[in-house]
Structure formats: C-alpha cells, structure tokens
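Input: a single structure, listed below in structure tokens.
2 protein chains.
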Amino acid sequence: MQTTNTTEQQIIEAARKIFMQRGLSGARMQDIADEAGINKAMLHYYYRSKEKLFEIVFGEAVQMLLGRVNAIFAGDMPWKEKIVAAVDNYITSISENPYLPLFVLHEINQNPDRMVQQFLHGPLFPNLRAFMLELAMEAEKGNIRKVDPLQLMISIISMCVFPFAAKPLLTGVFQMDPARFKTFIEERKKFVSSFVLHALEP
Amino acid sequence: MQTTNTTEQQIIEAARKIFMQRGLSGARMQDIADEAGINKAMLHYYYRSKEKLFEIVFGEAVQMLLGRVNAIFAGDMPWKEKIVAAVDNYITSISENPYLPLFVLHEINQNPDRMVQQFLHGPLFPNLRAFMLELAMEAEKGNIRKVDPLQLMISIISMCVFPFAAKPLLTGVFQMDPARFKTFIEERKKFVSSFVLHALEP
DNA sequence: CTTTGCATTAACCAAATGGTTAAACATTTC
DNA sequence: GAAATGTTTAACCATTTGGTTAATGCAAAG
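Here you go:
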C-alpha cells in the first residue's frame, strides 16, 4: 500500500476514521476535511454529499465484517479445524478494526433498510450455510451433541465480536489497562474455540 | 404504574425513547418535545440542556444493563442453577428493552469518560466477582473444567446480549421475520445455559 | 377578588452545519 | 504558449438546532 494517496483515497480514509468513531449523525464534514488535510468543498466535489460518502464507507465496513465471516468457512478442512481457524481468523481481523462491529451494528439499527441494499449485491453466505448443514449432519451421525446450528453459529460470532463492541465497558468494569485487554483478546482466541469444541462434545 | 404522569416523567419517557433509538447526536430536542406532546422550551425548563437530559437517561440505562447482571448473581443457589437463572433472567429483561444494549455500548464508545462517573456511585459488582471466585474454586476442586472465569463471564454476557445488539443484522442475514426472532430468543435461553454447562464439564 | 408563584407557550436568537459558488491555481492538450 | 480541462480554495448561503425570553395561563394563598 502506498503512503502517497490520491485525494479521493485520502478522503475515504479520513471519512472512514471519522464515521467509524462518531457514526453518521455524529460525524462532521469539517472534521473529515480536517482529517484529510483538505478543504471542505473537496468532499462535495468528489462525493456529492455526506450521505453518499457515508454509504461508501458503510458498504466497505459491512463487507469487512460479513464478507470475511463467510470466506473463513470456505476451505475444506474438517469441521473442528474450521471452527478453530474461523475463531482465530475472525478475532484477529477485528483486532485490526476494533471500531468496526459497533459502527456497523449501530448504523444498521439507525436505518435497517440500508442493509437490504447490501444483500442485493451478493448471495447470502453460501459457505456459512453449508457449514451449518455440515454441523447438522455431524450431529445426526452422533459425532457432536445435537444443537441448533443457527444458535451455535450466532454464539460463536457473539463471543468473537462482543468483546470489541463492549471494549470500553469491559476495560471499565474489570479495570483492564490497554495491555491487559490485548492479552485478554489474544487468550480469547484459544478460549472460544476450545469452549465451543467442549460444548459440542456428545 | 400510572398512565397519567407528571410533565417531568413524560419528558423522561419521551427522552428515553428518542435517545435510545437515535443516540445522543442523532436525537433532536424537538422530537423529544413532540413525543412528550409539549413545547420544546419545557425541556429546558425542567432539564436545563440536552446534555443534562441525556445523562439522566443514560445513567438509568447503564443501571438497567449492568445493575441487573450483578443482582442476578446475588442468591445463594448452587453455581449451576445460578448460571441457568442468570441467563434466563438476563435474556428476559433485555427482551423488554431491546434497544438498551446497543444504546449503552454506542454511547460509552462515544465518550468513555462518562462511564467513570457511573462507577463512582456504587461498588464494582461484588456479586459478580464473588461468583467468578466461586467458579475458580470449583475448577480447583475438579468439579468443572479449568477455565478463566473472566473469559467465561464475558462469554455468557456476549451470548445473551449480542443477539439483541445485532437484531436487524441477524434478521436480515438469516431472513427471520419478527415472530421467528421471538422464538429464536425464547429458545436461546435454554440453548445458552446448556451450552455453557456442557462446555464446563470436566 | 387579587396577588403570587409556578407552568406553558410562541417567537426569537446565535451558532453549527451541510452544501454551493465563483474565482484562483494547476495540468494537460493542441 | 495559449486554450481547455480538471483541481482546490475562500467566502458565502440556507437550514437546522440547541437554547433563551418575554408574555400568557392558571391554580393556590391571602
């Protein structure tokens, strides 16, 4: 990745930073311009309106958050390894974008219709669905305890995502400093996958 | 609870509704006034400023979300029953306030310092801490698998809270209608507690 | 009845905010 | 090198928004 970006890219990066931190209604066009080191009029020159700019940032964010979860289940590993890899991979990728989950969650709540747009683009997580089917079959064969795959799936995602969405709350309640939180997240990778695998034992 | 409230109460209720849905920066004083069926000036007459009004609503919300989790672990039941009761209780209480988790999470992220204020009031979840200690002791005795109590605690909370924070996303991705979501939540009570208990088996 | 003190409102205000414009500046084209 | 095209800026504009004010309504106290 180049450090010298075009103005357009600089704007998107600045917009991403501001929107992610403050949300659509909390973000100020002036702040985005300042962050990008340019004049406010430039934002409108390249991206017409705040709404348009937001849609781009939001769309990319949804892709990052949801696209990845599907991709993780793409391989043809055994299901146990798939769970371990998925958890590890997902927590790692969110670590690099800690604001992402809450940003997406909050904005979807503000305007659920925006999601509809997003889902028209691609198919609905074929890998994830295939994986859930695989789990159901393993349960049938008696290799794992019989659980609702949807409940399981959402539990896994919950355990990976929630700590980031609740970071300031957790560090506050349990008095973790930033370093402690980092090790907590690192340890969490192992914890979640082993927790899930144990829970699935017949 | 009376249906005929004082103006002050009407304002708080209206503010709660608007703030919870739109957040601090997204809420408009005019909308709160309309919701309460009164003049905008009344808001300032009773609560000086938007910020002051928000702090009241936010404080109550934190209390609802965090205060309860501590209270649930108060009794002297065996730890297994405590987990079952806590999960059931917590999911039920959030069902009645589905906007609550995301609202609190989002606003804490916007301004983490606000939390500090909240924690100065009471002690830091003595029951929750006691329960975590109890789990550690059970692990020592070999009655449950040895796990980090903090990781476990946060996992339980994650699994209870996240589905509500992500409701529109989940209903979108997994194409649930409102009724389906309701049964999903109802089933979740049993799923989560049994999932956790299985995961804790030595 | 009138005075007093609180409750309520319409009209108003200043600052913030998303967006526009016309001119200056830079780069490419011929 | 001048015309044309694209980029950037300062100044400006209209609307929104949190907040104020002065006048009105109104119930209780005297």
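Sequence order for the protein chains is A and B. The working numbering numbers the first residue of the first sequence as 1 and each following residue consecutively. The working numbering numbers the first residue of the second sequence as 203 and each following residue consecutively. For each residue, glycine too, the CB sits at the ideal point set by N, CA and C.
- Think of a sphere of 9 Å around the beta carbon of glutamate 187 (chain A): the chain B residues whose beta carbon falls inside it are Asp350 and Gln353, in chain order.
- Contact of serine 155 (chain A) with chain B is assigned, a C-beta pair being separated by under 8 Å.
- Distance from the CA of asparagine 345 (chain B) to the CA of alanine 85 (chain A), rounded to the nearest whole angstrom, comes to 29 Å.
- Listed by position along chain A, the residues whose Cβ is nearer than 7 Å to that of asparagine 311 (chain B) are Leu102 and Pro168.
- Membership of valine 147 (chain A) in any alpha helix (DSSP H) is not indicated, and neither H nor E is assigned to it by DSSP.
- Ranked by Cα distance from leucine 371 (chain B), the first of A:Glu134, A:His198, A:Pro78 and A:Ile157 is A:Ile157.
- Not a single CB atom of chain A sits nearer than 8 Å to the CB of histidine 246 (chain B).
- At least one beta carbon of chain B lies nearer than 8 Å to the beta carbon of phenylalanine 191 (chain A).
- The Cβ of valine 286 (chain B) sits no closer than 8 Å to any Cβ of chain A.
- Around the Cβ of proline 101 (chain A), a 10 Å sphere holds 16 or more other Cβ atoms; the residue is buried.
- Per DSSP, leucine 128 (chain A) is one residue of the alpha helix (DSSP H) stretching across 126-140.
- Look at the beta carbons and you see the stretch 92-100 of chain A touching the stretch 56-66 of chain A: at least three pairs across the two are nearer than 8 Å.
- If you draw a straight line from the Cα of lysine 141 (chain A) to the Cα of lysine 284 (chain B), it is about 33 Å long.
- Annotated three-state conformation of methionine 77 (chain A) is coil, per DSSP.
- Taking 8 Å as the CB threshold, phenylalanine 333 (chain B) stays off the interface with chain A.
- For serine 360 (chain B), at least one C-beta of chain A is nearer than 8 Å to its own C-beta.
- For the C-beta of arginine 145 (chain A), the chain B residues within less than 7 Å are, from N- to C-terminus, His400.
- With the rule of 3 Cβ pairs closer than 8 Å, the stretch 216-230 of chain B counts as touching the stretch 306-323 of chain B.
- Chain A has a Cβ within less than 8 Å of the Cβ of glycine 225 (chain B).
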